[in-house]
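For the sequence shown, the working numbering begins at 3 and goes up steadily by one.
See structure below.
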Amino acid sequence: FQGVVAALLPDGRVTVDDEQGAAWVCRRAASCLLKPACGDTVLVSGPDSARAYLIAVIEQADASSSCIEAAGDVTFAATGNGRVTIA
Numbered sequence: 003f004q005g006v007v008a009a010l011l012p013d014g015r016v017t018v019d020d021e022q023g024a025a026w027v028c029r030r031a032a033s034c035l036l037k038p039a040c041g042d043t044v045l046v047s048g049p050d051s052a053r054a055y056l057i058a059v060i061e062q063a064d065a066s067s068s069c070i071e072a073a074g075d076v077t078f079a080a081t082g083n084g085r086v087t088i089a
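What follows is the structure in structure tokens.
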């Protein structure tokens, strides 16, 4: 479902309000590298409310600043003649 981030909890979980006004407490999926912020529109998926995951930030409430975040070490790799460029 699609919802809006209502709160970022100290333990890393996120509270998301769905379109009916229900609040879901979700963990962020490992594949969701863009750190969500309050007011962001997000996509949530999971088999039940106890195992719901924020899987994507669909639209940022404030796109003037973004944070790519992952737990632990991060490696960027380019194979062959590829390059990694950060500008």
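Just so you know, even glycine gets a beta-carbon here, dropped at the ideal spot from N, CA and C.
From a predicted model like this one, the values you see are computed outputs, not experimental measurements.
Inset, instruction - For Gly41, I'd like the list of residues in its chain whose CB is within less than 6 Å of its CB, leaving aside the five on either flank, ordered along the chain. - result: What you label residue 41 is simply residue 39 of the sequence shown in a count that begins at 1. So the qualifying residues of the chain are Ala63.
Legend entry - Under the three-state DSSP convention, the category Ala73 falls into: Mapped onto the sequence shown, residue 73 falls at position 71. Coil, per DSSP.
Legend entry - Closest residue to Ile70 among Pro49, Asp50 and Cys34 (Cα-Cα distance): Translated into positions along the sequence shown, residue 70 becomes position 68. For Ile70, the nearest C-alpha among the options comes from Cys34.
Inset, instruction - Might you give, ordered along the chain, the residues of its own chain that have their beta carbon closer than 7 Å to the beta carbon of Gly84, omitting 5 neighbours on each side? - result: To locate residue 84, count along the sequence shown from 1; it is residue 82. Answer for Gly84: no residue qualifies.
Inset, instruction - Flag this pair as yes or no: are the beta carbons of Ser67 and Leu36 separated by less than 9 Å? - result: As a first step, residue 67 is located in the sequence shown; it is residue number 65 there, counting from the start. As a first step, residue 36 is located in the sequence shown; it is residue number 34 there, counting from the start. Contact: no.
Legend entry - Straight-line gap, Arg13 to Gly23 (C-alpha atoms, nearest Å): Translated into the one-based positions of the sequence shown, residue 13 becomes position 11. Translated into the one-based positions of the sequence shown, residue 23 becomes position 21. Reading off the sequence, residue 13 comes out as Asp, not Arg. Their backbone Cα atoms lie some 23 Å apart in a straight line.
Inset, instruction - Indicate the three-state DSSP secondary structure (helix, strand or coil) for Ala79 in the structure shown. - result: On the sequence shown, position 77 is the one that residue 79 refers to. Reduced to three states, the DSSP call for Ala79 is coil.
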